[in-house]
Structure formats: structure tokens, C-alpha cells
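**Q** So for the sequence shown, full-length UniProt numbering puts the first residue at 1; every next one is plus one. In this text, a Cβ means the ideal position worked out from N, Cα and C, and glycines have one as well. Following this message is one structure expressed as C-alpha cells.
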Amino acid sequence: MAMQAATSDKLAQWLLNSIELDAAALHVGRYCGPWRASTAGKALASFHLVLEGDCYLHIDGQPLLHLHARDGVFLMSDVPHFLSPSADPAIPLKRPAMRPLGGAAEPDSAGLACGFFRFSGALSPLVVASFPDYLVCRSGDAALGHNAALFDMILAETGGDPDKPSPLIARLVELLFFYLIRHASQREALGAGLLALAQRGEFMALLDQMLQSPGEEWSIARMAAAAHMSRAAFCKHFTGAGGVTPAQFLLHLRMRLATQRLNAGDSVEQAASHVGYQSHAAFTRAFKRIVGEQPGAYRRQLRAAA
Numbered sequence: 001m002a003m004q005a006a007t008s009d010k011l012a013q014w015l016l017n018s019i020e021l022d023a024a025a026l027h028v029g030r031y032c033g034p035w036r037a038s039t040a041g042k043a044l045a046s047f048h049l050v051l052e053g054d055c056y057l058h059i060d061g062q063p064l065l066h067l068h069a070r071d072g073v074f075l076m077s078d079v080p081h082f083l084s085p086s087a088d089p090a091i092p093l094k095r096p097a098m099r100p101l102g103g104a105a106e107p108d109s110a111g112l113a114c115g116f117f118r119f120s121g122a123l124s125p126l127v128v129a130s131f132p133d134y135l136v137c138r139s140g141d142a143a144l145g146h147n148a149a150l151f152d153m154i155l156a157e158t159g160g161d162p163d164k165p166s167p168l169i170a171r172l173v174e175l176l177f178f179y180l181i182r183h184a185s186q187r188e189a190l191g192a193g194l195l196a197l198a199q200r201g202e203f204m205a206l207l208d209q210m211l212q213s214p215g216e217e218w219s220i221a222r223m224a225a226a227a228h229m230s231r232a233a234f235c236k237h238f239t240g241a242g243g244v245t246p247a248q249f250l251l252h253l254r255m256r257l258a259t260q261r262l263n264a265g266d267s268v269e270q271a272a273s274h275v276g277y278q279s280h281a282a283f284t285r286a287f288k289r290i291v292g293e294q295p296g297a298y299r300r301q302l303r304a305a306a
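Structure below.
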């Protein structure tokens, strides 16, 4: 049992490491009066951190959430929502200009840090799909006690122009997000996605073998045998748990590992060989399909950045 837990945790940590995140703080300040705030409609994931006061989060079709100081919510996709000082969504509200944080707070005011984040990396969409539409971190959650230090650091960077927040806030938000999703991957019932797949005991040995030897011939028959299932049962249960077919998973896994090899300094040919491609053309097509650009261009960008 201990070995199974260790293997599951190792796989979960590897998959979490596959998420590449870029956060950007849009506004950091205080709303006062009958205010209303939202990041919806931009086709991006977004976040709201309550730095002072309290407010309510209204999400279409979801229970009302009362957020207090040092609570936060991360919306994993663009869902209709808004924050306000009222629990009643029918009260007409407006979006006033944000004021800098600092000084005495007014009634019904709330200090917020709001912004967007993008996921990149070959496996990011499949890992993120494991989570619900939004994740909430609560200041009173003992398992997230280290978040208090991050909120302290975020608050230390506030007080300037609400529309031009310190770039350090975005980096601190990224850390907060990674602590939250690690916590969620250990505690929450995950939906279909790669983290959900990694938590299934019947697939852990297979995933571990594929991570160790991605360049080997991973036919459906071999995968099914490693999971001790028939081909039909394996495809059904793997796709149901992971949200992707075994072939799609193998493709994304190989391209993720190929980007890691390129980041480490391998040539395109070395990266292709490591993940089982002998044909440069076939590897280039697969890499561009998953990563979005050709491996040669990806490597040149890495070298230019270095």
C-alpha cells in the first residue's frame, strides 16, 4: 500500500510539473460602494484574491460563495461570473474605478487582486481537465497554512496604481496556484484527466513504465497487458478515466518529454529518438500538432533566449 501511494504521488508530481503557467495581474486595489467585478468574457482562465474585507462570488448555475479576507478563487476556464458586496445577484451594481489599497476601509469595500493566467505545455490541457471549473482556497484551511505567507508577500506589493500592479504579484499568484492544485490533487475527487488517471491503481504501473521508456513500442496490446486488462476493457476504462484515448495520451506524453529534452540541450534528432521517432518528418508533424510549432523553431527560440 505504501509503495502504491508513493508511485501515485510520483506520477501526480510529474504531471503537475507538466503544467506551464503564466499569470498576469490585471487590477490590484479596493472597490467601494455598490461595486461589481468580473474577468469573464476574455476566453482565459482567471483568478480573484480577496486581500481585505469580504465579498460574494456569483457563478452561473453554481452555489453562492462568500469569500473572506485571504480567500481566493481560480477559475480554470472562462465561465460567466462576477464578484459583488451583495449576496443578491439581482441588485443593480456597477464597476467603479479601483482605489489604491491602504488607509481605512469603507463599508462594503473589498481589496482584490484580479487577473488572468494561461496554461501551456503539451500535457497542460489534459492535466487541467482533471479539475473542476473552479478551485477555492480558504484562509482557514489548515492544509494550506503556508498560503498565509504568500498573501503577506502579495499585500506587501500593493498600494500603488491599481491598474499597474507590481509584476511580483503575478509570480506570487503562480506559487499560490501550484500549492492549491497540489492540494486539490491529493484531496479532491478529480474528474476525467491525467491526474485522475494517475490516481487509478490499475494504470499506475503502466504510466510509470511509459514515463521511463517513452521510445519503446507502446501498442494498445502492450498497454493493456501492462494494466492486466483485455484490449477492449483497457481502452474503455483508460479513456473514461483520462478523457483521452491511449494513443492520444501517448502522443502528448512523448511530445512533453521531447520538449524537456530540447530544453536540456538535446538536438532535434536526439529528442525524436528518445521518444521513439526515427523519421524526422513524422516527429516534426507530431511536435507541431501538439506543441504548436516545429521542433527546430522551438529549439532556436530556446537558444536565443539563453
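Here's the rule: buried if 16 or more other CB atoms are within 10 angstroms of the residue's CB, otherwise exposed. What is Arg-245?
**A** Inspection of the sequence shows that residue 245 is occupied by Thr rather than by Arg. Exposed: under 16 other Cβ atoms inside 10 Å.
**Q** Only counting runs of 4 or more residues, tell me where the alpha helix (DSSP H) segments fall wholly within the UniProt domain "HTH araC/xylS-type" (201 to 301), in order along the chain.
**A** Taking only runs of at least 4 residues, the alpha helix (DSSP H) segments lying wholly in the UniProt domain "HTH araC/xylS-type" (201 to 301) are 201 to 212, 220 to 226, 231 to 242, 246 to 263, 268 to 274, 280 to 291.
**Q** Excluding the 5 residues flanking Ala-258 on each side, which residues of the same chain have their C-beta closer than 6 Å to its C-beta?
**A** Here the set comprises Ala-271, Val-275.
**Q** In terms of residues, what are the limits of the alpha helix (DSSP H) holding Ile-154?
**A** Segment 147 to 156, the alpha helix (DSSP H) holding Ile-154.
**Q** What residue range is occupied by the uninterrupted alpha helix (DSSP H) comprising Ala-196?
**A** From DSSP, the alpha helix (DSSP H) with Ala-196 extends over 194 to 198.
**Q** For Arg-36, count neighbouring Cβ atoms within 10 angstroms of its own Cβ and tell me buried if that reaches 16, exposed if not.
**A** With 16 or more Cβ atoms within 10 Å of its Cβ, Arg-36 is classed as buried.
**Q** What number of angstroms, rounded off, separates the C-alpha of Gly-265 from the C-alpha of Gln-209?
**A** When rounded, the distance between both Cα atoms is 24 Å.
**Q** One question on the structure: do Tyr-179 and Ser-109 come within less than 9 Å of each other, judged by their Cβ atoms?
**A** Taking 9 Å as the Cβ cut-off, Tyr-179 and Ser-109 do not qualify as a contacting pair.
**Q** With distance defined between alpha-carbon atoms, name the residue in His-81, Arg-70, Leu-75 nearest to Asp-60.
**A** The residue with the shortest Cα to Cα distance from Asp-60 is His-81.
**Q** What three-state label does DSSP hand Ile-91 in the structure shown?
**A** Note: Ile-91 maps to coil in three-state DSSP.
**Q** Is it right to say Ser-279 is buried, meaning 16 or more other beta carbons lie within 10 angstroms of its own, or is it exposed?
**A** The residue in question, Ser-279, is exposed, as its Cβ has fewer than 16 Cβ neighbours within 10 Å.
**Q** Residue range of the beta strand (DSSP E) that Ser-46 falls in?
**A** Segment 45 to 53, the beta strand (DSSP E) holding Ser-46.
**Q** Taking the C-alpha atoms as reference points, what is the distance between Phe-287 and Gln-294?
**A** Cα to Cα, Phe-287 sits roughly 6 Å from Gln-294.
**Q** With a threshold of 8 Å on Cβ separation, who are the neighbours of Leu-175 within its own chain once the five nearest residues in sequence on each side are excluded?
**A** Around Leu-175: Leu-150.
**Q** Can we say the region 138 to 147 touches the region 59 to 73, given the rule of at least three CB pairs closer than 8 Å?
**A** Yes, the region 138 to 147 touches the region 59 to 73.
**Q** To the nearest angstrom, report how far apart Ala-196 and Tyr-56 are at their CA atoms.
**A** Taking the straight line from one Cα to the other gives about 30 Å.
**Q** Mind checking Ile-91: buried by the 16 CB within 10 Å criterion, or exposed?
**A** Under this definition Ile-91 is an exposed residue.
**Q** Should Phe-177 and Phe-47 be called a contact, given that it needs their Cβ atoms to be closer than 9 Å?
**A** A contact, by the Cβ cut-off of 9 Å.
**Q** Return yes when the Cβ of Ser-18 is within less than 9 Å of the Cβ of Ala-122, no when it is not.
**A** Yes; because the gap between Cβ atoms is below 9 Å, this pair is in contact.
**Q** Helix, strand or coil, according to DSSP, for Ala-305 in the structure here?
**A** Helix at Ala-305.
**Q** With a threshold of 16 other CB atoms inside 10 Å of the CB of His-146, please say whether the residue is buried or exposed.
**A** Burial call: exposed.
**Q** Hey, quick one: how far does the beta strand (DSSP E) through Leu-123 stretch, first residue to last?
**A** No beta strand (DSSP E) holds Leu-123; DSSP gives it neither H nor E.
**Q** Report the option in Ala-281, Trp-218, Ala-227, His-228 whose CA atom is closest to the CA atom of Leu-251.
**A** That would be Trp-218, whose Cα lies nearest to the Cα of Leu-251.
**Q** When you compare the CB positions of Arg-99 and Gly-29, do they come within less than 9 Å of one another, or not?
**A** Yes; because the gap between Cβ atoms is below 9 Å, this pair is in contact.
**Q** Count the other CB atoms within 10 Å of the CB of Arg-300; is the residue buried (16 or more) or exposed (fewer)?
**A** So Arg-300 counts as exposed.
**Q** Can you name the residues that DSSP bridges to Leu-114?
**A** The identity of residue 114 in the sequence shown is Cys, whereas the question assumes Leu. According to DSSP, Cys-114 bridges with His-27, His-48.
**Q** I need the straight-line Cα distance from Val-268 to Pro-85, nearest angstrom please.
**A** Going from the Cα of Val-268 to the Cα of Pro-85 covers about 54 Å.
**Q** When the Cα atoms are used, what is the spatial distance from Gly-292 to Tyr-298?
**A** C-alpha separation (whole angstroms): 9 Å.
**Q** Output the distance between the C-alpha atoms of Met-3 and Met-204, rounded to the nearest integer angstrom.
**A** With a pLDDT of 46 at Met-3, under the threshold of 50, the predicted position of this residue should be treated as unreliable, though the coordinate-derived value follows. Distance between the alpha carbons of Met-3 and Met-204 is about 11 Å.
**Q** Write down the C-beta distance between Leu-16 and Ser-185 rounded to the nearest angstrom, noting that I regard them as a contact closer than 8 Å.
**A** Confirmed, Cβ separation roughly 7 Å.
**Q** For the beta strand (DSSP E) holding Phe-82, just list the boundary residues, first then last.
**A** Here the beta strand (DSSP E) through Phe-82 covers 81 to 84.
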